[in-house]
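Data first, discussion second: the structure below is written as structure tokens.
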Amino acid sequence: MQEQRKSRFRDGVLAALPLAPAPVLFGAAFGLFATEAGMGAVAAVVMSATTFGGAAQFAAASVLDTGGGALAAVVAAVLLNARYVPLGVSVAPVFPGRRRRRFVEAQLIVDESWALAGRDGRFDYAVLVGSGSVFYVLWVAGTAAGSVAGDVLVDARTLGLDAAFPALFLALLVPYLGSGRARLAAAVAAAITLALLPFAPPGVPLIAASLACVIGLRR
Amino acid sequence: MSAPWLVVAGVGAATVLFKASGPVLLGRRPLPPRALALVEVLAPAMLAALVVTQAVGGDRALVFDERLVGVAAGAVAVALRAPLVVVLVVAGAATAVVRLLT
Chain S
1 MQEQRKSRFR DGVLAALPLA PAPVLFGAAF GLFATEAGMG AVAAVVMSAT
51 TFGGAAQFAA ASVLDTGGGA LAAVVAAVLL NARYVPLGVS VAPVFPGRRR
101 RRFVEAQLIV DESWALAGRD GRFDYAVLVG SGSVFYVLWV AGTAAGSVAG
151 DVLVDARTLG LDAAFPALFL ALLVPYLGSG RARLAAAVAA AITLALLPFA
201 PPGVPLIAAS LACVIGLRR
Chain P
220 MSAPWLVVAG VGAATVLFKA SGPVLLGRRP LPPRALALVE VLAPAMLAAL
270 VVTQAVGGDR ALVFDERLVG VAAGAVAVAL RAPLVVVLVV AGAATAVVRL
320 LT
């Protein structure tokens, strides 16, 4: 059992490797942006280590940058990260051990590790922790590099990394679409997101889309 | 405390609690059947929402740009049952090439 878990953990690390440039480069971009927004390098790195959620961190830094104030920055980021409640609920059953350990390991949940962990159609704890650890280390290291070294790294957008993410989520969505209810839930969630994106604050469309799971109650 | 540190503390604390809430509160207790039915379709719903957000999401706007070319190329790779690595590279490369040319 122990051996098996170890090899699954390695599977998670391996699954994360093709994505490795992304957390480094986006982390560096955040480090650079946050220091330019006047947050300071130490605060930027501490934020990456504690929040570990790219979009929310960029949102908070850009609110500060545009003079929006601390409260507005916190609200923007909190809305973006509220999706981790439904994501966490969906993987909750696979976390082993006592509460303290689950509390710590749950911090490795990010969109990418969560999605990779579900690639076989059911969530795999070792893949989540394996890939999440890789993303965590690279994200924090990337932030440190970006906040100190500044503009020396290549722009993630130049490499098309911003298009790799939706493609990743699409690839991981397809295996779930076997049942009619899953297809309907995915379609409704996509429609809710499309409808809200033009005017809702960032993050809200994703939270609203999670309501599509009531379709699971259909017989 | 200065504004940046207030933000770091506030966002950090909220996110830590968001992430931990499911795994800590639900634990390993098996979910009741109705809750399980909800959770079963939560993954496809959230993945679909993430695809849309990342493909056309902007700041309170729908933005149709070079990302769509990459997503389309990635979708073809998915349809051809390419491995995940290939899907990622194809999507990124397609978008990178279009950006380079335009």
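In the order they appear, the protein sequences are chains S and P. Residues 1 to 219 in my numbering are what the first sequence lists, from first letter to last. Residues 220 to 321 in my numbering are what the second sequence lists, from first letter to last. Don't be surprised by glycine CBs; every beta carbon is placed ideally from N, CA and C. This structure is a prediction, so every number in the text was calculated from the model and none was measured.
* Within 9 angstroms of chain P by C-beta, residues of the region 153-173 of chain S in sequence order -> Only those residues of the region 153-173 of chain S whose C-beta falls short of 9 angstroms from the nearest C-beta of chain P are listed: R157, T158, L159, G160, L161, D162, A163, A164, F165, P166, A167, L168, F169, L170, A171, L172 and L173.
* **CB of A61 of chain S within 7 angstroms of CB of A37 of chain S, strictly** => It is a contact, given that the beta carbons lie within the stated cut-off.
* Do G31 of chain S and the ligand COA come close, with the Cβ less than 6 angstroms from some heavy atom? -> For the ligand COA, the structure offers nothing, since it holds no ligand at all.
* To do: Please state whether DSSP places T12 of chain S in a helix, a strand or coil.
  => Sequence check: residue 12 of chain S is Gly here, not Thr. G12 of chain S: helix per DSSP, three-state reduction.
* Asked: Skipping 5 residues on each side, what residues in its chain have a beta carbon closer than 7 angstroms to that of S147 of chain S?
  -> If we look at S147 of chain S and ignore the five residues flanking it on each side, its Cβ neighbours are G31, L32, A34, T35, A41, A44 and V45.
* **Near-chain P residues of the region 3-28 of chain S - C-beta to any C-beta below 8 angstroms** => The region 3-28 of chain S vs chain P, Cβ under 8 angstroms: A15, P18 and L19.
* F230 of chain P CB to nearest chain S CB: under 7 angstroms? -> At residue 230 of chain P the sequence reads Val, which differs from the Phe that was named. For V230 of chain P, the nearest CB of chain S lies under 7 angstroms from its own CB, placing it at the interface with that chain.
* To do: Show which residues of chain P have a CB atom less than 8 angstroms away from the CB atom of S133 of chain S.
  => Within 8 angstroms of the CB of S133 of chain S, no CB atom of chain P is found; the nearest one sits about 14 angstroms away.
* **Start and end residues, alpha helix (DSSP H) containing I222 of chain S** => An answer regarding residue 222 of chain S cannot be provided, because it is not within the stretch 1 to 219 covered by chain S.
* Alpha-carbon spacing of A291 of chain P relative to A310 of chain P, whole angstroms -> If you take the alpha carbons of A291 of chain P and A310 of chain P, they lie about 8 angstroms apart.
* Spell out the partners DSSP gives L281 of chain P in its beta bridges. => Note: L281 of chain P sits in a beta bridge opposite P:G276.
* Neighbour list for V295 of chain P in chain S, Cβ cutoff strictly below 9 angstroms -> Taking the beta carbon of V295 of chain P as reference, no residue of chain S falls within 9 angstroms; the closest one sits roughly 10 angstroms away.
* Give the DSSP-derived three-state secondary structure of T50 of chain S in the structure shown. => Helix.
* Within the chosen definition, does the region 276-290 of chain P reach the region 126-135 of chain S through at least 3 CB pairs nearer than 8 angstroms? -> No, the region 276-290 of chain P is not in contact with the region 126-135 of chain S.
* Take the Cβ of G180 of chain S as the centre, count every other Cβ of all protein chains shown within 10 Å, and call the residue buried at 16 or more, exposed below. => Exposed: under 16 other Cβ atoms inside 10 Å.
* **the region 232-250 of chain P touching the region 161-180 of chain S, judged by at least three CB pairs closer than 8 angstroms** => Here the region 232-250 of chain P does not lie against the region 161-180 of chain S, with fewer than 3 beta-carbon pairs under 8 angstroms apart.
* Asked: Quick one: is L64 of chain S buried, meaning 16 or more other Cβ sit within 10 Å of its Cβ, or exposed?
  -> Classification for L64 of chain S: buried.
* To do: Would you please verify whether the beta carbon of R101 of chain S is less than 7 angstroms from any beta carbon of chain P?
  => Taking Cβ atoms only, chain P never reaches closer than 7 angstroms to R101 of chain S, which makes this a no.
* Asked: What residues in its chain sit with their C-beta under 8 angstroms from that of V297 of chain P, if we drop five residues either side in the sequence?
  -> So the list reads V306, once near-sequence residues are dropped.
* Asked: How should D124 of chain S be labelled, buried or exposed, when 16 other C-beta atoms within 10 angstroms of its C-beta is the threshold for buried?
  -> Looking at its Cβ environment, which holds 16 or more other Cβ atoms inside 10 Å, D124 of chain S is buried.
* Which chain P residues are close to V74 of chain S, counting only those with a beta carbon under 7 angstroms from its beta carbon? -> By Cβ distance, chain P contributes V226, G229 and V230.
* Taking 7 angstroms as the CB-CB limit, is T321 of chain P close to chain S? -> Output row for T321 of chain P: interface = no.
* To do: Check the Cβ-Cβ distances between F237 of chain P and every residue of chain S, and say whether any is below 7 angstroms.
  => Closer than 7 angstroms to some Cβ of chain S, the Cβ of F237 of chain P qualifies, so yes.
* Could you spell out the range, first to last residue, of the alpha helix (DSSP H) harbouring L128 of chain S? => Y125 to A149 is the extent of the alpha helix (DSSP H) around L128 of chain S.
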